[in-house]
Each structure stands twice: as C-alpha cells, then as structure tokens.
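These protein sequences, in sequence, are chains X and R. Using the working numbering, read the first sequence as starting at 7 and increasing by one per residue. Using the working numbering, read the second sequence as starting at 7 and increasing by one per residue. Step one of this worksheet: look at the structure below.
2 protein chains.
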Amino acid sequence: MGKFTTLYQHGTLALLVPGLLKGTLTMGNLLKHGDTGIGTGEGLDGELIILDGKPYQVDSNGNVNLVSDSFIMPFANIHYAQYSPLVELENVGQDELEKQIISLTHAANTFFSIKITGSFSNVKTRAVKKSVPPFHTLAETARNQSIFTRDQVEGTLISYYSPELFDGAAVAGFHNHFLADDHRFGGHLLDFHLDKGEVSYQLFDTFEQHLPVSNSEYMSHDFSRDNIANDIHNAEG
Amino acid sequence: MGKFTTLYQHGTLALLVPGLLKGTLTMGNLLKHGDTGIGTGEGLDGELIILDGKPYQVDSNGNVNLVSDSFIMPFANIHYAQYSPLVELENVGQDELEKQIISLTHAANTFFSIKITGSFSNVKTRAVKKSVPPFHTLAETARNQSIFTRDQVEGTLISYYSPELFDGAAVAGFHNHFLADDHRFGGHLLDFHLDKGEVSYQLFDTFEQHLPVSNSEYMSHDFSRDNIANDIHNAEG
C-alpha cells in the first residue's frame, strides 16, 4: 500500500443517514493517516477541511476554527498530499469543471482527489449545526444547516471523487469542501464558479475503509430499512 | 491499520460482470497482504483458496494445484489469519449455519472471515473453466463451470462475509471456498451440510480495496450499463 496512493476513510455516508452520528475516531488518530482531508464532527458538528496537516472546522455560525486532537468524528476522509498539476482553468462553472476533470483524468473508475487553488465567485457553502443525542436522521439534521455565500473569494477547494460502485460507502462523484485564504469562509460546497485557478489531482489505487466496529449502535443497526442513496444525495448534493 | 484486522481485496466483483478478466495482480504480490484467502485466476481460471500461505487452485477438471508467485488474478481476498473459536456445531445446513454465525457474531455491519474445519456431507462445489481474450461476460463464462460433489469429506471452509452496503465491490453475505484435507476436492461452495466442525472467526475493522488502475480496459469501462448486482448473485450464489 503506497503512502501517496491510499485514500483512508473512517465511517460511511450510509451510517449518517439513520443518524448514527456519534464520534468514533479522534482527530489525532485520523491525522495518522494523512495531512489533507474532509469530514464532519459528532452530531454533524460543522464541516471539516484538513490542509497541510491542520484541521479546520467551519461551524454553523460560519466561523473557522482549528480543532484539537481530541475532536471526534463519525465520518472523515484523509490522505497524504502529493498532487500533480492537471490544468489551469478560467471562467468555468462547477458542472463543466467536473466534466473536464473526468475527461482529463480518465479516472472515473477509481478514487482520486482534486485540489484547486485560485479565485472563485458565486460560492455557496453550507455547514450543519451540531445535534445532540438522541441524534436525528441525516435528512432531519440537514434541515438545520446554515448556508453561506461569497461573491468573490480566494481559497482552496479539496475534493474527493468516488466511483458509482461505492455510492453509499462514499458519495459517488465529487465531494467538495472549501476554505478561504483569509480563513473567514468555507464549508461543504453547494455551488461555485471558478474564475481562475490551478487544478491539481492525485490518483488512488487503494481505498482503505475503516468501520466503527466498537460502536454497538453501528454494529446492531438494521440498514435495510434506510433509504441510503436517496437521503445521501439530497443532503450532500 | 492492524495486521490482523484488515481484509485486503484486489479488484471488485463488479469488474468480473462485463468480463474484465485480465490478471492484474500476481500471487507473489497478493501474498504480501496475508496468508489466508480466496480468489480466481485470469479468465476465471479456477477457484483459489489460500491456507497457511499456500495458494491452491481447484481447476475446471477438479484438480487441486499449487500455483506459483507469477500466477495472475483479476480478483482476490486475503488476510493474516488470527481466528478465534466461535462455536462447535453438528448436523447443520448452510443456511442455518450462516444464520447462527450472524446471530453469534453480531457483525453483519462489518467484514469478517469464518474458518470451519471438520466433516462435511452433500458438498457441492464449482470451478469455472479459464477463458481467453476476448473475454466473455461473467454470466457467459459461468456457464462453462464444472460442478463437483462429494457425499462425505473432511476439509476446510474459508468464508468472507461482506455487509450489504458493499455488494458489487464484494459479494454481500458469505462467499465460501473449500479444500478437502486430501487435496483431491474443492472449489467455490454452492451447497453443503456440516456434520461436525469447529467454527472460528476473525473480525475486520478495515477493508483495504485495491483497484487495477494500471489496466486501461478497467479504467475506461462504462459500468453504468452492467447489471452488476443481478449478475453477481446469479453467478456467485
């Protein structure tokens, strides 16, 4: 297993659907598997983006906080960054950008990460408000999300692409988080326009899926009654 | 990632469905990830079972062969064995046995392995006949399988259980291979009765999915047209 060709994932998107939102991994342990990533805290406590080994949380007030090693999470992705330049782009919307990336990488059947640094406009993000036990479902919790917008912002986008076959474990397609260079804006990206940016990418041949086997609520849950694909794409779209 | 809590998988069941049967990993490389496993060769060349680091192939003539480090595979599972005793059972059919295992382990939401050593009856196995390029689909190739039966046989069953969420990447539920103690019978288990045996199990918290990213046919294939779940359960059931 190559250090730079492995994407580590703790938890699954599917376990968020019925509200299995307990934090089952600490940030300190997550950071043993990489220096770049995304995730969410216990009870969907904000949106995480990890850059150069530093874990930032965008909370539901829109504040960007550094989180401690003891911060716990039900779901996160992380890897060791070794991006290669892919393309420089100007004036392109999200859908067109994602199409171009698939076309340039020919990598739709594996996992990869995209990093974009540059100038963005019409950026719309969300951050979910932390809920407390007994946790609600993903659909209910996502109704308590805050939406933030910025017309013009310099920043960094971190995206993970997952093949359709792994929808449910991950979000099939692109899962994009954002952090502004001024650390005053960020979150889970709902929409954006790239004015000008450097697009780099990193291909993975290994997807290391870690499951919260010590959590009895996870282990005893009956997933057959959850509408996983539908609820994920409504909440994460 | 714990040595004894990780299940390594090369390839996916889904890539077999449209006939992406090229060997993309050598046995020598697979054995760097464990000493116990199952798999198939290029072109679905027989059924593999790895015990104590020794890779056996049951070919379509029913012969059991040791394969070399250069043997190539499109799909395999492997792990480092550290089984714990689960239960001793007598006179139980496959369906009832699998129900008891789920009930005893409470592990339906993670990956685990089962090893059973003992006396089996009414054992039915299959081994697929190797096909050559251009490869046919899994459904077409599986029509060329040989079926073998034994009324009474002492042997070892190796099984991997995968959660429903990962159906398509793996076979959801149990995937059972068998090798007789006399090395004169084995293959992919289609049916069996356990007369008396020791059932042991090993829980995994990590599923390490390795994909054949250097294989251009895999990377360029359009999986959206394949009926993956249906064809897997017809061929692997």
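Every residue, glycine too, gets a C-beta built ideally from N, C-alpha and C. Predicted, not measured: the structure shown is a model, and the values here were computed from it.
Asked                                                                                                                                                                                              : Found
Going by C-alpha to C-alpha distance, which of R:240, R:25, R:18 and R:11 sits closest to residue 140 of chain R?                                                                                  : R:25
Please go through the region 156-198 of chain X and give each complete beta strand (DSSP E) segment of 3 or more residues, from N-terminal end onward.                                             : 179-186
If we call anything under 8 Å between Cβ atoms a contact, is residue 186 of chain R one with residue 159 of chain R?                                                                               : yes
I think residue 117 of chain X touches residue 168 of chain X, with their Cβ atoms under 8 Å apart; what is that distance to the nearest whole Å?                                                  : 6 Å
Measure the alpha-carbon distance for residue 163 of chain R versus residue 122 of chain R and round it to whole angstroms.                                                                        : 5 Å
On a CA-only basis, which of R:97, R:42 and R:93 is nearest residue 111 of chain R? Give me that one, please.                                                                                      : R:93
For a contact defined as C-beta to C-beta under 7 Å, what are the partners of residue 219 of chain X on chain R?                                                                                   : 116, 209 and 211
Verify the CB distance criterion: does residue 33 of chain R have a CB-CB separation below 8 Å to chain X?                                                                                         : no
If contact is defined by three or more beta carbon pairs under 8 Å, each pair taking one atom from either stretch, is the region 189-197 of chain R in contact with the region 223-236 of chain R? : no
Name, please, each residue of chain X whose Cβ falls closer than 9 Å to the Cβ of residue 230 of chain R.                                                                                          : 170
Kindly indicate which three-state DSSP category residue 132 of chain X falls into: helix, strand or coil?                                                                                          : strand
Relative to the C-alpha of residue 58 of chain R, which candidate in R:150, R:216, R:48 and R:37 has its C-alpha closest?                                                                          : R:37
Run down chain R in chain order and give the residues with a C-beta less than 9 Å from the C-beta of residue 151 of chain X.                                                                       : Ordered by position in chain R, no residue passes the 9 Å Cβ test against residue 151 of chain X, which lies about 25 Å from the chain.
Give the residues of chain X in contact with residue 174 of chain R, contact being defined as C-beta atoms less than 8 Å apart.                                                                    : 171
Are the beta-carbon atoms of residue 172 of chain R and residue 175 of chain X separated by less than 8 Å?                                                                                         : yes
Terminal residues of the continuous beta strand (DSSP E) containing residue 60 of chain R?                                                                                                         : 60-64
Short of 9 Å Cβ to Cβ, which residues in the region 98-123 of chain X face chain R?                                                                                                                : 112, 113, 114, 115, 116 and 117
What is the residue span of the alpha helix (DSSP H) that residue 147 of chain R lies within?                                                                                                      : 144-148
Alpha carbon to alpha carbon, how far is residue 74 of chain R from residue 81 of chain X? Give it in angstroms, no decimals.                                                                      : 41 Å
Under 8 Å: do the region 15-34 of chain R and the region 214-222 of chain R share three or more Cβ pairs, one atom per stretch?                                                                    : yes
Find the residues of chain X that neighbour residue 18 of chain R, judging by a C-beta separation of less than 8 Å, and give them in chain order.                                                  : 171
Considering only the beta carbon of each residue, do residue 85 of chain X and residue 34 of chain X sit closer than 8 Å?                                                                          : no
Would you identify the three-state DSSP class for residue 101 of chain R, choosing helix, strand or coil?                                                                                          : helix
Taking Cβ positions only, does residue 225 of chain R come closer than 8 Å to chain X?                                                                                                             : yes
What is the rounded straight-line gap between the Cα of residue 161 of chain R and the Cα of residue 208 of chain R?                                                                               : 19 Å
Output, in chain order, the set of chain X residues within a Cβ distance shorter than 9 Å of residue 214 of chain R.                                                                               : 7, 12, 212, 213, 214 and 215
In terms of residues, what are the limits of the beta strand (DSSP E) holding residue 82 of chain X?                                                                                               : 81-85
Any idea if residue 61 of chain R is buried or exposed, counting beta-carbon neighbours within 10 angstroms, 16 or more meaning buried?                                                            : buried
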